[in-house]
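I have placed the structure first, in the form of structure tokens, so that the comments after it can refer back to it.
In my numbering, the protein residues as written are 11 to 150.
Next up, the structure:
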């Protein structure tokens with residue numbers, strides 16, 4: 011089956027305390043409202059992480075919450091640490107219609123002179139849900 015990665019139930023709530031990279035290190039989520047110049051490195055900026063790596067509910071965009079309705083919940087256990095590939099998106103079932111025609115004509119003028127002509131025509135249509143997400147989250 012084709013797999014995709016979708017937010018975990020905790021991530022959907024803004025809780026990234028269990029979000030790790032592939033070697034098991036916590037991925038820190040920083041608060042953009044704390045951005046300020048770095049006094050030790052002019053021209054650079056620093057931010058503070060969210061406490062406990064959790065975004066407060068009041069800081070989560072209503073638009074983002076609305077979009078989450080179109081993203082399915084995980085339905086399989088993801089990879090170690092990262093939870094990547096936690097959605098078995100589809101068994102790759104689809105509608106396929108392919109047409110292929112091959113024509114060959116042979117002509118023998120003599121034992122030493124022969125000719126052949128071939129013609130090939132192929133066309134097809136394929137409809138498949140590539141990522142398992144419902145419309146409008148389906149990619150084209």
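By construction, the Cβ of each residue, glycine as well, lies at the ideal position given by its N, Cα and C atoms.
Distance between residue j and residue i (C-alpha atoms, nearest Å)
i           : j           : result
residue 56  : residue 132 : 58 Å
residue 154 : residue 50  : No answer is possible for residue 154: it lies beyond the span of the chain, which begins at 11 and ends at 150.
residue 18  : residue 33  : 19 Å
residue 150 : residue 120 : Below a pLDDT of 50, predicted positions are generally treated as unreliable, and residue 150, at 47, falls in that range; the measurement from the model is reported next regardless. Taking the straight line joining both Cα atoms gives about 56 Å.
residue 15  : residue 91  : 13 Å
Beta-bridge partners of residue i, as assigned by DSSP
i           : result
residue 30  : 36
residue 125 : 117
Residue interval of the alpha helix (DSSP H) (run including residue i)
i          : result
residue 12 : It is not in any alpha helix (DSSP H) - residue 12 instead sits in the beta strand (DSSP E) that spans 12-14.
residue 73 : 72-78
residue 19 : 19-22
For residue i, the nearest candidate out of the options (CA to CA)
i          : options           : result
residue 12 : 95, 20, 90 and 67 : 95
Nearest-angstrom beta carbon gap, residue j and residue i [assumed within contact, 8 Å]
i          : j          : result
residue 30 : residue 63 : Not a contact, Cβ separation roughly 10 Å.
residue 97 : residue 22 : Their Cβ separation, rounded to whole angstroms, is 13 Å, which puts residue 97 and residue 22 out of contact at 8 Å.
Residue-chain proximity (residue i, chain D), Cβ-Cβ < 7 Å
i          : result
residue 91 : Checking the listed chains, one finds no chain D in this structure; it contains a single protein chain.
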